[in-house]
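J.: Residue numbering for the sequence shown is 2 to 593, as defined by the numbering used here.
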Amino acid sequence: MADTGDADVCAICLGGMVRGQASYTAECSHAFHLICISASVAHGNHTCPLCKAPWTVLPAVNAPAQAAAPSSPSSSSQQVPRTYDDDEPTVGAQTAAATNGGAVVLRTHCECPAVARAAVRENFAVLVHARAPSSAASEAARAPLDLVTVLDVSGSMTGRKLALLKQAMGFVIDNLGSADRLSVSFSNSASRLIRLVRMSDAGKAAAKRAVESLAANGGTNIGEGLRVAAQVFGDRQHMNAVASIMLLSDGQDTFTAPRRHRSGAAPNYIRGAGARPPAVHAFGFGTDHDAAAMHTIAEATGGTFSFIENEAVVQDSFAQCIGGLLTVTVQELRIAVTCLHPSVLVRAVKSGRYDNRVDAGGRSASVDVGELYADEERRFLIFLDVPGAEDAVDVTGLVKASCTYRDAATGQAATLAGDDAVVQRPIEAADVRPSMEVERERVRVEATEDMAAAREAADREQHAEGARILRGRLEAVERSAPGMAGDPMCKELEDELRVLIAGVEDRREYETTGRACFLSGMSSHGQQRAATRQLQTASMPTAYVTPAMEKMVKKSREQRQTGAAEPPPPPNRKRVKGQQLDGESEERSEEA
2 MADTGDADVC AICLGGMVRG QASYTAECSH AFHLICISAS VAHGNHTCPL CKAPWTVLPA
62 VNAPAQAAAP SSPSSSSQQV PRTYDDDEPT VGAQTAAATN GGAVVLRTHC ECPAVARAAV
122 RENFAVLVHA RAPSSAASEA ARAPLDLVTV LDVSGSMTGR KLALLKQAMG FVIDNLGSAD
182 RLSVSFSNSA SRLIRLVRMS DAGKAAAKRA VESLAANGGT NIGEGLRVAA QVFGDRQHMN
242 AVASIMLLSD GQDTFTAPRR HRSGAAPNYI RGAGARPPAV HAFGFGTDHD AAAMHTIAEA
302 TGGTFSFIEN EAVVQDSFAQ CIGGLLTVTV QELRIAVTCL HPSVLVRAVK SGRYDNRVDA
362 GGRSASVDVG ELYADEERRF LIFLDVPGAE DAVDVTGLVK ASCTYRDAAT GQAATLAGDD
422 AVVQRPIEAA DVRPSMEVER ERVRVEATED MAAAREAADR EQHAEGARIL RGRLEAVERS
482 APGMAGDPMC KELEDELRVL IAGVEDRREY ETTGRACFLS GMSSHGQQRA ATRQLQTASM
542 PTAYVTPAME KMVKKSREQR QTGAAEPPPP PNRKRVKGQQ LDGESEERSE EA
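(1) When you compare each of Ile336, Ala203 and His342 to Ser352 by their alpha carbons, which one comes out closest?
(2) Just checking my contact of His296 with Leu520 at CB under 8 angstroms: how many whole Å lie between their CB atoms?
(3) Going by the beta-carbon positions, is the gap between Leu249 and Leu177 smaller than 8 angstroms?
(4) Just tell me which of Gly325, Arg196, Val154 and Ile309 has its CA closest to the CA of Thr513.
(5) Does the Cβ-Cβ distance between Ser188 and Val151 come in under 8 angstroms?
(6) Would you call the segment 153-163 in contact with the segment 215-224, where contact means no fewer than 3 C-beta pairs closer than 8 angstroms?
(7) Under DSSP, the alpha helix (DSSP H) around His526 begins and ends at which residues?
(8) Counting only the same chain and skipping the five closest in sequence on each side, list residues whose C-beta sits under 6 angstroms from that of Thr328.
(9) So the alpha helix (DSSP H) Val400 belongs to, where does it begin and stop?
(10) How should Met200 be labelled, buried or exposed, when 16 other C-beta atoms within 10 angstroms of its C-beta is the threshold for buried?
(11) Can Ser365 and Val338 be called in contact, C-beta distance under 8 angstroms?
(12) Kindly identify the DSSP beta-bridge partner or partners of Ser186.
(13) Considering just the uninterrupted stretch of the beta strand (DSSP E) at Gly285, what are its terminal residues?
(14) Report all residues from its chain with a CB closer than 6 angstroms to the CB of Val554; omit the five preceding and five following residues, and keep chain order.
(15) Using only the alpha-carbon positions, how far apart do Glu300 and Glu378 sit?
(16) Any idea what DSSP makes of Leu249, helix, strand or coil?
(17) Would Ser436 be called buried (16 or more neighbouring beta carbons within 10 Å of its own) or exposed?
(18) So, does the segment 438-449 touch the segment 380-392, judging by three or more C-beta pairs under 8 angstroms?
(19) Taking all protein chains shown into account, do 16 or more other C-beta atoms lie within 10 angstroms of the C-beta of Thr563, making it buried, or fewer, making it exposed?
(20) Can you tell me whether Val345 is helix, strand or coil according to DSSP?
(21) With distances taken between CB atoms, is the gap from Gly1 to Ala119 smaller than 8 angstroms?
(22) Give me the DSSP bridge partner(s) of Lys351.
(23) Contact between the segment 420-438 and the segment 108-126: three or more CB pairs below 8 angstroms?
(24) Are the Cβ atoms of Ser186 and Val243 separated by less than 8 angstroms?
(25) Based on DSSP bridge pairs, tell me the residues matched to Ala418.
(26) Can you round the beta-carbon distance between Val129 and Tyr406 to whole angstroms, since I take them to be within the 8 angstroms contact cut?
(27) Identify whether Ile323 lies in helix, strand or coil by the three-state DSSP scheme.
(28) Counting pairs of beta carbons, one from the segment 500-508 and one from the segment 463-482, are three or more of them closer than 8 angstroms?
(29) Between which two residues does the alpha helix (DSSP H) carrying Cys491 extend?
(30) In three-state DSSP terms, what is Ile428?
(31) Return the residue from the list Asp202, Ser214, Leu197 and Gly204 that minimises the CA-CA distance to His239.
(32) Grab the span of the alpha helix (DSSP H) containing Glu225 for me, first residue to last.
(33) Taking only three categories from DSSP, how would you classify Glu333?
(34) Does the segment 521-537 come into contact with the segment 342-356, if we say contact requires no fewer than three beta-carbon pairs (one atom in each stretch) closer than 8 angstroms?
(35) Between which residues of its own chain and Leu215 is the CB-CB distance below 6 angstroms, once the five residues before and five after are set aside?
(36) If I measure Cβ to Cβ from Gly252 and keep anything under 7 angstroms in the same chain, skipping five residues before and after, which residues do I get?
Structure representation (structure tokens):
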């Protein structure tokens, strides 16, 4: 039985149920505006969005012309009408794009330069380090972007939230080039607002008018919003080299499957985009969004999950994202290592969220990386069995590194041979200094693994155990060779661990911001790609931020400082010791 105190409120949009409006009261006694529940039923949902009670009597509604249930394995073979094949043609190939913007750099580092001749080593670490061409080299030959934004404009996005979202979208539109294309859809009624159109002066004006027309109402339908975005990509008649989806939501999905099933359903959201769906970069806005669902969507598509608690700086988060998307230089990157010495074997590969494969005999391994932004780097640890050397053998060849990829601007395929990893084999190996490059990556990987373990403990409501895991890892990072040497990456990792400890100790804090912080950090470390965590009580991390991202964020901040309102004061929560809030010094000086 529904609470009679809520009888005059629609359980989907939370708007009032007033006399004269068409309404529907379900068997479970939950009441809805007829227009709100119609979309849910038309999408194939036959259970109450609130209590999940099955309905035997459904409201008689006509399905919207473009409505369809999220794809599932049983329905993926059905033909879907090409509804969104009206995309504006792409521009012709530019002369500047005929020149390659630079090559990938591939290096190897052994955990130590020498191993005693008679020694046998197991799990000997070799770091494979790839770096994309710089933004300066690729600026004249940038690959154009097809971008679809899925915006949550449900009833909770009223007032300043919606104004900040419109401002952020205006910034995105202003910074797209004339060869880039943009389509805007929203997730309350899962509709496309503007077709995929080039960002010429006329296209930008049309996109801004569409964004300004947005109004907050209804519920949140992430699944259908993503289905529409995927169909925009699947139906397009023309294609730019780079494609991506940006998803922003501030609330729970009130239409799709229950939360406990979302991890399995998320990949189906984008099935309609074809064999290679675009990456979804998800942004959790405020403290009421479903961080677990949005992280799952991002992980399933190769995108990132960003957490924006400080709503005033949503534009900076968008700026960082497009700063990367507008500088894609490498696509379909695949790194391979092949053993040189006949007795060297690959034991394991640490590649985070990237798929890796070790062949059955352990003689080779590969990592599928995909796209790289300009100046991005990827580091992977390869663990080897190293045999003892024969008499008079001074050097043992371990592995040969190589990679294949496609230049995003020219479409040309490339094959690159990297450094061979070798170790010296003196009779005795005394006072051998370990590689700081390898140790730094080992510290990062182990910290990431402990973050995942602490998050799992917190999800089991074992918050003290989660905090214990992270405190132990913080001490290990501080005692590590790069940590004691003042390595910048380790210092930022220490700051991040302190933020996570503060967010995991208390159940309420974890539910409010801690879980989202964990998931955003895991998304970033798993892909070695920047994902924002815009908190009220801690500064924004800079790990994996490229020069182009940094430049775009700086541009956003300067624009906000000259034309936007000041952000609201932070909530009354504990601050992480030793960290200053973004913009704190400016706020204090103005108050003075």
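Glycine residues also receive a C-beta, built at the ideal position from the N, C-alpha and C atoms.
T.: According to the structure shown:
(1) With respect to the C-alpha of Ser352, the residue from Ile336, Ala203 and His342 having the closest C-alpha is Ile336.
(2) 4 angstroms
(3) no
(4) Ile309
(5) In terms of Cβ geometry, Ser188 and Val151 form a close pair [threshold 8 angstroms].
(6) Short answer: they touch.
(7) Annotation for His526: the continuous alpha helix (DSSP H) segment containing it runs Arg516 to Gln528.
(8) Residues of the same chain with a CB within less than 6 angstroms of the CB of Thr328, apart from the 5 flanking positions on each side, are Ser136, Tyr374, Ala375 and Ala549 in chain order.
(9) Run containing Val400: none in the alpha helix (DSSP H); it sits in the beta strand (DSSP E), Val396 to Asp408.
(10) buried
(11) yes
(12) Val151 and Arg193
(13) Segment Ala280 to Phe286, the beta strand (DSSP E) holding Gly285.
(14) Asp317, Ala320 and Gln321
(15) 19 angstroms
(16) Note: Leu249 maps to strand in three-state DSSP.
(17) Counting of Cβ neighbours within 10 angstroms places Ser436 among the buried residues, the total reaching 16 or more.
(18) Contact between the segment 438-449 and the segment 380-392 is present, because at least three Cβ pairs lie under 8 angstroms.
(19) exposed
(20) Coil at Val345, not helix or strand.
(21) Only positions 2 to 593 of the chain appear in the structure, and residue 1 is not among them; the question remains open.
(22) Beta-bridge pairing links Lys351 to Leu382.
(23) The count of Cβ pairs closer than 8 angstroms, one atom from the segment 420-438 and one from the segment 108-126, reaches three, so the stretches are in contact.
(24) no
(25) Ser403
(26) Going by Cβ atoms, the distance from Val129 to Tyr406 rounds to 14 angstroms, so no, they are not a contact pair.
(27) helix
(28) yes
(29) Pro489 to Val505
(30) coil
(31) Leu197
(32) Ile223 to Asp236
(33) For Glu333, the secondary structure class from DSSP, reduced to helix, strand or coil, is strand.
(34) yes
(35) Excluding residues within five positions, the ones whose Cβ falls inside 6 angstroms are Val154.
(36) Hits under 7 angstroms: Asp153, Ser155, Ser157, Thr221, Asp289 and His290.
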